[in-house]
Structures are given as structure tokens and as C-alpha cells.
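Residue numbers (our numbering): 30 to 88. Comments concern the structure below.
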């Protein structure tokens, strides 16, 4: 999924039952954040990357 937009740094922070995932596009510094259930880390990561793709106009 990230191949089309280049290098992306993904950071995950858990706070109780919630997980906050931030995806940062290395080339532009653009970032997108998603919050969701800590039990579904991959789904929250996919959402953050999808939001980043939309911000970059490459959806």
C-alpha cells in the first residue's frame, strides 16, 4: 500500500483500550492520525495510511 506514495514512518501509541497511529510521509512531512481499538492495530494502521494517501491526493 505504501509503495505508491514512497517511504512512510508509522508510529503507534497505546492508551488503555485505544490505539493512536500516526503515519508520516518522509518526503513531505505530511502526517495523518487515526484512533481506534487497541485490539485491531493493523486496521488502525491501514486507516492512518489511507488518510495519508488521501491527503497526498494519491488515492
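Glycine included, every Cβ here is placed at the ideal spot set by N, Cα and C.
How far does the beta strand (DSSP E) with residue i in it reach, from first residue to last?
{"i": "residue 78", "result": "It is not in any beta strand (DSSP E) - residue 78 instead sits in the alpha helix (DSSP H) that spans 70–85."}
{"i": "residue 45", "result": "Looking at the DSSP string, residue 45 is not in any beta strand (DSSP E), and its letter there is neither H nor E."}
Per DSSP, residue i forms a beta bridge with which residues?
{"i": "residue 51", "result": "40, 62"}
Give the C-beta separation of residue i and residue j to the nearest angstrom, bearing in mind that I take them to be a contact with Cβ-Cβ under 8 Å.
{"i": "residue 54", "j": "residue 81", "result": "6 Å"}
{"i": "residue 64", "j": "residue 49", "result": "5 Å"}
{"i": "residue 56", "j": "residue 35", "result": "5 Å"}
Measuring CA to CA, which of the options is closest to residue i?
{"i": "residue 62", "options": "46, 72, 56", "result": "72"}
{"i": "residue 47", "options": "67, 84, 39", "result": "67"}
{"i": "residue 42", "options": "79, 84, 69", "result": "69"}
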